[in-house]
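Counting from 1, position 159 in the sequence shown corresponds to residue 159 in our numbering; the numbering is continuous, with no gaps.
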Amino acid sequence: MRHWWRLVREDIRTILHNDPAARSIFEVLLYPGFQAVQIHRLTHWLWGMNLPFIPRLLSQITRFFTGIEIHPGATIGHRLFIDHGMGIVVGETAIIGDDVVMYQGVTLGGTGKEIGKRHPTIGNNVVIGVGAKVLGAITIGDGARIGGGAVVVKPVPAHSTAIGVPARVVATRDPQTGQTNRVEMLPDPEGAMLRSLHESVQHLNQRVVELESAMGSQAYHIAALSAQRTNGDDPFDCLDDLQSYEMHYADGI
């Protein structure tokens, strides 16, 4: 019992430390993530006692009231912080280390009907972003960061950042200095589109200059033909003379 109270105090301090919206212990007690973790500690203990029905019943009741589904068989470390928590699913053989932060919509699931260890192992000090899916019996190293919406199907090294579908490591972080090193440059579709538009505008400007140059020489010839006409002639007749003029318009383009 004393050990359980120590875990409860740790969880309360963790929420107060990580969430600026938590202003008092009484507000923390209303957090669905806090409630789900505390009930899971009970269901996990009952699961270890090989009770066949009650642990699953309690976990389903918790899911109904909190929106968080944690299988009684899952192993959770100290100071797990579940922010908001709606839609979180943690599978039976999942293992979560200490000081982990999980946001709403996270799934720690399996990839099939394997028997035995089939859910991920999350190291210490890991942050898993909104809607991320970590699937299979893979390991997420200590201090790793999983971006929101990522689908992780391969192990992620410690102190690295993984994003995308499927997730790939794009950066590593030195835990001693905190310096981040890029492994892969992120795609920039808006930048690529702007560069393409810039190149198109430059090409069109060059075409305009060439056309103006060609039209300028042609206009000069039309004016010269007009000056040779008498005042009674149609001034537009000079345009017909262009057919006999050996000028290739395409040569100026």
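For each residue, glycine too, the CB sits at the ideal point set by N, CA and C.
If you compare the alpha carbons of Y31, A36, G73, V37 with that of L51, the shortest gap goes to G73. In the three-state reduction of the DSSP assignment, T62 falls in the helix class. Looking at V153, P155, G147, D174, the one whose alpha-carbon comes closest to that of T161 is G147.
The alpha-carbon of E114 is positioned some 11 Å away from that of T93. Using a C-beta cut-off of 8 Å, the stretch 44 to 64 makes no contact with the stretch 11 to 30, since fewer than three inter-stretch Cβ pairs fall below that distance. Per DSSP, V170 is one residue of the beta strand (DSSP E) stretching across 168 to 173. One alpha carbon belongs to P155, the other to T66, and they sit about 30 Å apart. Rounded to the nearest whole angstrom, the C-alpha separation of D99 and D11 is 10 Å. The beta carbon of G123 sits closer than 6 Å to those of G97, I140, G141, D142, all from its chain and outside the five residues before and after it, given in chain order.
The beta carbons of V106 and P120 sit no closer together than 8 Å.
Residue state for T14 is assigned as helix, using DSSP reduced to three classes. Note that the C-beta distance between G129 and G85 is not below 8 Å. Assignment of R9 by DSSP, reduced to helix, strand and coil, places it in the helix class.
Inclusion of V90 and I61 in the CB contact set at 8 Å is not warranted, their separation being larger than that value. Membership of T111 in any beta strand (DSSP E) is not indicated, and neither H nor E is assigned to it by DSSP. The beta carbon of Q104 lies closer than 8 Å to those of D83, H84, G85, M86, G87, I88, V130, G131 in the same chain, with the five residues before and after it left out. Counted as a single uninterrupted DSSP element, the stretch harbouring R118 is not any alpha helix (DSSP H), since DSSP gives it neither H nor E. In the three-state DSSP reduction, E69 falls in the strand class (E or B). Bridge pairing for L204: absent [DSSP]. Restricting attention to F64, T75, G110, the CA atom closest to the CA of G48 is found in T75.
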